[in-house]
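Written below as structure tokens is the structure these notes are about.
Residue numbers (my numbering): 1291 to 1786.
Here you go:
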């Protein structure tokens, strides 16, 4: 398992702290927490693989003829335990966990040594953030490397993840059950809630808050088919005065940092062009000198020559047809552009991640701040949970609220016993496109999909039928983890 010595225990460049000497002061604790957030900036996580690969592997995009073959194995479902991206996601998440475990092992002794009441209070808040970060990392491991949760009985017999709650000592790790893995995440979130409930928070927070813990708890409950808890926790966010959906009918004026001209943005656009919104619960924050991966790179590759676009992947035609003409998300997410390929494809390219405008003024393209927790997802969570309870009117009201925020002139939704899964599925695609949810959604709904060739799509992978329950809905455990000395980690069905 990866540790956190290189980022969490480094006060100054090149000046690493010994494990036994780390986190002895309040400032050390702040530095360790900063290291955790730095680890979450990794291009293997929310600014890259963890966000993009689940959606590229599913049915949301097509590879373009002449593409660079970036992520080609995922798109073609030729995923093996030696896959570098899979190993990087796995290792980076356990790296974050290692950093959190180091902090939690050391914080008790530090707390006892503090005499400043203000420092003691903030140390409680920091500890809550760490519990939330660890829960987030474990929840992502479960999502990627475990089967869908059906019920408590079956989950007791399904493989979960290798759980470790301490940093020090050498322990042979093996995988816990899926039920125990989720129980671990829930315990961490309850601790986070208790420690953060009195801390101030607001929208577009670059750190974990009480609201972050609630948002993740709602998501975990939905993934566990615990509809009542999903409703309880998503309602906390929906009713929280700190947050509001970004609407297409509200505007903000400013000067475009790209053109220097006066510009009017609707709030839906602004969330993606400037990474600021009243509905962002937690985002991974960047500066122009410290940032993660390039979320928009494979969809645009504009910085190949700064003249033409050379997308590796373009949106699936069926996705584009889901959006109504007055849906502001379409213009916020897609722009009809001509590519520089010899075949001259012109297509609505994904410009949702064209890049933060401030970064673009510094000639840094395709870097957007990841937004793993948003209020819009909470509306979708609650709507789906209401459907599971047969509360059709309440589910319809939540979907209508979300659509009304996104559509000029408003838009209503109606669900019933016969259409709810398809309606929820379509709305999740419209809202959460390329945010890393699709593969997990198909897996937990036990749904497959089929690709058929579209304009200028690469032949390999364009004709592909994936049945529900295909083993590769669950990523293989990296080979290096299985073969590490003393490893007791069991493989998945997808390991080969």
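Glycine included, every Cβ here is placed at the ideal spot set by N, Cα and C. Quick caveat, the model's predicted, so the values are computed rather than measured.
- prompt: Looking only at C-alpha atoms, which of 1524, 1468 and 1455 sits nearest to residue 1446?
  reply: Against the chain shown, residue 1446 aligns to sequence position 156. Ranking 1524, 1468 and 1455 by Cα distance to residue 1446 puts 1468 first.
Residue range of the beta strand (DSSP E) that residue 1671 falls in?
Numbered from its first residue, the chain shown carries residue 1671 at position 381. Counting along the chain, residue 1671 falls outside any beta strand (DSSP E), though it belongs to the alpha helix (DSSP H) covering 1665-1678.
Quiz item: Hey, how far is the Cα of residue 1767 from the Cα of residue 1778?
Solution: To locate residue 1767, count along the chain shown from 1; it is residue 477. To locate residue 1778, count along the chain shown from 1; it is residue 488. Their backbone Cα atoms lie some 12 Å apart in a straight line.
Per DSSP, cross-strand counterpart(s) of residue 1607
Within the chain shown, the letter at position 317 stands for residue 1607. Paired residue(s): none; residue 1607 is not in a bridge.
Per DSSP, what kind of secondary structure is residue 1316 in: helix, strand or coil? As a working note, residue 1316 is residue 26 in the chain shown. Residue 1316: helix per DSSP, three-state reduction.
As an exercise, report each continuous beta strand (DSSP E) stretch of at least 3 residues that is fully enclosed by the region 1686-1756, in chain order. 1739-1741 and 1754-1756
Any chance you could list the beta strand (DSSP E) runs of at least 3 consecutive residues sitting entirely within the region 1434-1498, in chain order?
Complete beta strand (DSSP E) runs here, min 3: 1449-1452 and 1465-1467.
| query | So, is the C-beta of residue 1599 closer than 7 Å to a C-beta in chain D? | reply | Among the protein chains of the structure shown there is no chain D, as only one such chain exists.
Taking the runs of the beta strand (DSSP E) that are 3 residues or longer, which of them lie wholly in the region 1546-1623?
1552-1556, 1570-1572 and 1603-1605
Exposed or buried, what is residue 1786 when buried is set at 16 or more other beta-carbons lying within 10 Å of its beta-carbon?
One-based indexing of the chain shown puts residue 1786 at position 496. With fewer than 16 Cβ atoms within 10 Å of its Cβ, residue 1786 is classed as exposed.
| query | In three-state DSSP terms, what is residue 1768? | reply | On the chain shown, residue 1768 is found 478 positions in, with the first residue counted as 1. Three-state DSSP puts residue 1768 in coil, outside helix and strand.
DSSP-derived helix/strand/coil call for residue 1418: To locate residue 1418, count along the chain shown from 1; it is residue 128. When DSSP states are grouped into helix, strand and coil, residue 1418 belongs to the helix group.
Drop a sphere of 10 angstroms on the beta-carbon of residue 1780, count the other beta-carbons inside from all chains shown, and report buried for 16 or more, exposed for fewer. As a working note, residue 1780 is residue 490 in the chain shown. Label assigned to residue 1780: exposed.
| said: On the DSSP bridge list, what partners appear for residue 1629? | reply: Numbered from its first residue, the chain shown carries residue 1629 at position 339. Bridge partners of residue 1629: 1599.
field: Beta-carbon proximity list for residue 1465, same chain, < 7 Å, skipping 5 on both sides
entry: Translated into the one-based positions of the chain shown, residue 1465 becomes position 175. Closer than 7 Å at the Cβ level, and outside the excluded window around residue 1465, lie 1449, 1450, 1451, 1452, 1779 and 1780.
query: Quick one: Cα of residue 1379 to Cα of residue 1584, how far?
result: As a position in the chain shown, residue 1379 is number 89, starting the count at 1. As a position in the chain shown, residue 1584 is number 294, starting the count at 1. About 16 Å.
- Message: Assuming contact is defined by CB atoms lying nearer than 7 Å, are residue 1733 and residue 1427 in contact in what I supplied?
- Response: Working through the chain shown from its first residue, we reach residue 1733 at position 443. Working through the chain shown from its first residue, we reach residue 1427 at position 137. In this structure, residue 1427 does not lie closer than 7 Å to residue 1733 by Cβ.
| field | residue 1668 burial status per 10 Å Cβ neighbour count (16 or more: buried) | value | Along the chain shown, one-based indexing puts residue 1668 at 378. Flag for residue 1668 reads buried.
* Asked: Just curious, the beta strand (DSSP E) that residue 1351 is in, first and last residue?
  -> Here residue 1351 refers to the residue found at position 61 of the chain shown. Where residue 1351 is concerned, the enclosing beta strand (DSSP E) stretches over 1351-1353.
Within its chain, find whatever has a CB closer than 6 Å to the CB of residue 1740; leave out the 5 residues flanking it on each side and keep chain order.
Stepping through the chain shown from its first residue, residue 1740 is reached at position 450. So the qualifying residues of the chain are 1755.
Assuming contact is defined by CB atoms lying nearer than 7 Å, are residue 1353 and residue 1751 in contact in what I supplied? Within the chain shown, the letter at position 63 stands for residue 1353. Within the chain shown, the letter at position 461 stands for residue 1751. Result yes, Cβ atoms of residue 1353 and residue 1751 sit closer than 7 Å.
Note to self: Please report the distance separating the alpha-carbon of residue 1671 from that of residue 1665.
What the structure shows: Position 381 of the chain shown, counted from the first residue, corresponds to residue 1671. Position 375 of the chain shown, counted from the first residue, corresponds to residue 1665. About 10 Å.
So the candidates are 1499, 1330, 1332 and 1541; which of them puts its Cα closest to the Cα of residue 1571? Here residue 1571 is taken as the residue at index 281 of the chain shown, counted from 1. Residue 1571 has its Cα closest to that of 1499, out of 1499, 1330, 1332 and 1541.
Just the Cα atoms here: how many angstroms apart are residue 1557 and residue 1696?
Reading the chain shown from its first residue, position 267 is the one you call residue 1557. Reading the chain shown from its first residue, position 406 is the one you call residue 1696. Taking the straight line joining both Cα atoms gives about 9 Å.
Using a 10 Å radius around the Cβ and a threshold of 16 neighbouring Cβ atoms, would you call residue 1528 buried or exposed? The sequence position of residue 1528 within the chain shown is 238, counting from 1. Counting Cβ neighbours within 10 Å, residue 1528 comes out buried, since at least 16 surround it.
Other residues of its chain near residue 1342: CB distance less than 8 Å, five sequence neighbours each side excluded
What you label residue 1342 is simply residue 52 of the chain shown in a count that begins at 1. Excluding residues up to 5 positions away in sequence, 1361, 1585, 1588, 1724 and 1726 lie with their Cβ nearer than 8 Å to the Cβ of residue 1342 in the same chain.
Measure the alpha-carbon distance for residue 1580 versus residue 1783 and round it to whole angstroms. Within the chain shown, numbered from 1, the residue matching residue 1580 stands at position 290. Within the chain shown, numbered from 1, the residue matching residue 1783 stands at position 493. A straight line joining the alpha-carbon of residue 1580 with that of residue 1783 spans about 39 Å.
- How should residue 1577 be labelled, buried or exposed, when 16 other C-beta atoms within 10 angstroms of its C-beta is the threshold for buried? Translated into the one-based positions of the chain shown, residue 1577 becomes position 287. Exposed: under 16 other Cβ atoms inside 10 Å.
Open item on the list: Which complete alpha helix (DSSP H) runs does the region 1513-1552 hold, if anything under 4 residues is left out?
Closed with: Within the region 1513-1552, the runs of alpha helix (DSSP H) at least 4 residues long that lie entirely inside it are, in chain order, 1517-1528.
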